Amino acid sequence: MHIHIVDPSAFTPPYDHALSSALARAGAEVELITSRFGYGDVPEPDGYAVRELFYTHAIGTAGSRARTAGKLLQHVPDMLRYRSIARRADVVHFQWLAVQAVDRWLLPARPIVLTSHDLLPREPRPGQSAAQRRLYDAVDAVVVHSVYGRDLMVERLGVDPAKVRVIHHGAFEHLTVQ
């Protein structure tokens with residue numbers, strides 16, 4: 143099975159690494175599709191491939207307004223480019239989709255899993271919470287990290303319980319090996 147783990151903004155390289163490595167150890171062919179991480183070194187791939195496809199032309203330092211604006215300008219073209227690449231995957235697992243209002247329209251025509259690290263944005267911009275809720279409807283499965291998160295997603299947000307899976311956050315074992 144060919145799985146794409148997609149973290150466009152490289153928000154969580156340690157998490158991406160742990161998940162990609164675990165899936166590879168379980169026998170999947172895994173490719174992490176992401177962008178350059180601007181805050182330091184990232185773990186070396188362990189049994190999976192990495193492709194830095196997103197935001198290759200973003201300027202400025204990590205976290206700067208210039209870089210954020212550049213990433214926003216590149217987001218739609220990069221998501222459209224990724225859609226053609228995603229045809230090779232059996233499953234696409236998005237770790238983050240940061241532009242929820244448009245991302246649901248840009249998803250590839252593949253089985254889609256979305257990890258909901260934050261059920262709803264902590265400090266939402268206008269319309270962001272509603273857009274994230276619609277994004278949950280657009281995917282095939284949603285991963286949450288706790289039973290509380292599952293209950294909240296189903297009872298408060300009305301997400302179909304058959305879509306929601308609890309997968310507890312694993313340990314970052316690669317950080318203990320020096």
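Under the working numbering, the first residue of the sequence shown is numbered 143, with each subsequent residue one higher. A virtual CB, placed ideally from N, CA and C, is assigned to each residue, including glycine. What you are looking at is a predicted structure, and each value in this text was computed from that prediction instead of being measured.
7 Å CB neighbourhood of residue i in its chain, flanking five on each side removed
i: Y190; result: S162, S163, A166, V172, E173 and L174
i: H311; result: H287
i: E194; result: T176, S177 and R178
i: V296; result: P303 and V306
i: D158; result: I147, D149, L174, T176 and Q237
Short Cβ contact (7 Å threshold) for residue i with residue j
i: P160; j: M143; result: Sequence inspection shows Ala at residue 160; the Pro mentioned does not correspond to that position. It is not a contact, given that the beta carbons lie outside the stated cut-off.
i: L239; j: D245; result: yes
i: G182; j: A200; result: no
i: R292; j: V301; result: no
i: F179; j: A152; result: yes
i: S177; j: Y197; result: yes
i: L294; j: R275; result: no
Beta-ladder partner(s) of residue i, from DSSP
i: H144; result: E171
i: D149; result: T176
i: E194; result: T176
i: H235; result: I147 and V255
i: V308; result: V286
Beta-carbon contacts of residue i that lie in its chain and below 6 Å, excluding the five residues immediately before and after
i: L256; result: F236, V281 and V284
i: S206; result: none
i: D188; result: S163
i: V184; result: P155
i: V192; result: L174
i: R252; result: A228, A231 and V234
i: A204; result: G180 and Y181
i: G202; result: A208 and R209
CB contact check: residue i to chain C, cutoff 7 Å
i: M221; result: Given the protein chain composition of this structure (a single chain), no chain C is represented.
Own chain residues within Cβ distance below 8 Å of residue i, not counting five before or after
i: L222; result: L248
i: Y278; result: L256, S258, V284, M295, L299, V301 and K305
Contact the segment 240 to 259 vs the segment 212 to 227: 3+ CB pairs below 8 Å = yes
If you scan the segment 246 to 305 from start to end, which runs of the beta strand (DSSP E) of 3 or more residues do you find wholly inside it?
-> 254 to 257 and 283 to 286
Could I get the ranges of all uninterrupted alpha helix (DSSP H) runs contained in the segment 200 to 230, with 4 residues as the minimum, in chain order?
-> 207 to 227
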